[in-house]
Structure formats: structure tokens, C-alpha cells
Amino acid sequence: MTLFAFVLMTILMVYDSSQQTYVRGEAKGDLQQNVRVALDQIVHDVRLAGYDPSNAINVQTIKQPLQPVTGTTLSGSELRLIADVNQDGTSECVAYRLNNGQILRRQASWTSGDCTWTATESAVADNISVLTLTYYAAVGATATTDPAQARRVKIQISGTSAVYNTTFTAETEAVLRQ
């Protein structure tokens, strides 16, 4: 009887340890997937910035497909661009921002040089702790906040899992259409 209890306890300890490893691995995988999906979506839209098959965008805006969120300089924590992202022949404004641990994306029709933000925001990723955007000029490594100069965007996203306090960071650069 004692031997049976010992074997049963050993099996339960191995099972519990394996279950914890599985849960930790699943949480880490979910976190990495969230960060990568958000990064991929933002890069996709940045690469389309300025794309307008209908030629509805005026010449000035084509030179400046990245738009300031407020004022006249680009934001390091929020991205706004103009492109035909769904390729339906109509240009859209697209914005990304970090809010309460989520990267939110908003897409709205672009008309007359202004965005009409009637669309609701949708979550692209959860458990995100950092969204950092750095803009660069066309040539070299000179950082800029001038929308007319920006031709490359470095995007850094960090996520933190509530389970086991795991952090994952990914970054990449996207080049705008010239």
C-alpha cells in the first residue's frame, strides 16, 4: 500500500510539473503570436502608405503619406497614415495606438484631405506594454518627426503576459512607397 501511494505521488508530481510547463509555454506562445500579428499588420499598412490607385489623393499628401496625429510632427506612440489598405479603390485613414494594454486600429474613409473618424476602433493585439515608433529620413539613419521627410518607420512592440510575467519584444522597419 505504501509503495502504491509513493508511485501515485510521483506520477502526480510529474503530471503537475508537466502541466505548469505546458501552461507557461502556451502563455509565452500566445504572447509572441499577439506581438507578431500586431507587428505584421502595422508593417503591412505602413508599406501601403501613399498607395492610391484611384489618384484621389492630392500631390502634397502623396509626398506625406504619414500624417501627424496632432500638430505638425509625427508621434512616437501613435501612427496615422493614408492609403488604400483594403485595395477597394478608395483611400482610407488608418491609425494605430496603444490603449490599456491593447494596440487599437481605426480605419475610416479619407475625403477632402481629412479623416472622418466615424469608424470604431478594433483591437489588433492584447497584453501589449510598449508601442514605439521611430521615423527616419529616406537616406541614412537620421531620425525625424517631420512627416514630409519620413520614409522609414521602425516599429517596436513589447508584450507582457499576465501568466508567469513573461515579456516578449519584437521590432522591425518598414519602408514607405517612394
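Using my numbering, the letters of the sequence shown correspond one by one to residues 459 to 636. Where a beta carbon is used, it is the ideal one built from N, C-alpha and C, also for glycine. Note that the coordinates shown come from a computational prediction; the quantities given were computed from them, not determined experimentally.
Would residue i be called buried (16 or more neighbouring beta carbons within 10 Å of its own) or exposed?
i	result
V582	buried
D474	exposed
A596	exposed
V552	buried
A608	buried
G534	exposed
L466	exposed
V611	buried
Sorted by chain position, which residues of the same chain lie with C-beta nearer than 7 Å to residue i's C-beta, five sequence neighbours on each side aside?
i	result
L489	N585, G617, S619, T624 and F626
Y622	R482 and A485
I613	L497, I500, V501, L591, E629, T630 and A632
L589	S535, L556, I561 and I615
Just the Cα atoms here: how many angstroms apart are residue i and residue j?
i	j	result
Q545	A599	31 Å
V504	A541	9 Å
S587	T468	40 Å
Y470	A463	According to the sequence as given, residue 470 is Leu; it is not Tyr. Straight-line Cα distance between these residues: approximately 10 Å.
L461	G487	39 Å
G559	Y480	24 Å
N492	Q565	20 Å
R538	Q477	43 Å
Q525	P605	6 Å
T602	L634	14 Å
T578	T531	24 Å
Starting from residue i, follow its DSSP beta bridges and name the residues at the other end.
i	result
V472	In DSSP, V472 forms no bridge with anything.
G617	I586 and F626
K486	Bridge partners of K486: none, in fact.
Y554	L537 and R563
V611	Y593 and A632
A601	Y594
Cutting at 8 Å between CB atoms, please list the residues of its own chain near residue i, excluding the five before and the five after it.
i	result
V495	V582 and A583
Going along the chain, which residues of its own chain have a beta-carbon closer than 6 Å to the beta-carbon of residue i, five neighbours each way excluded?
i	result
R563	Y554, S580 and V582
L506	A541 and V543
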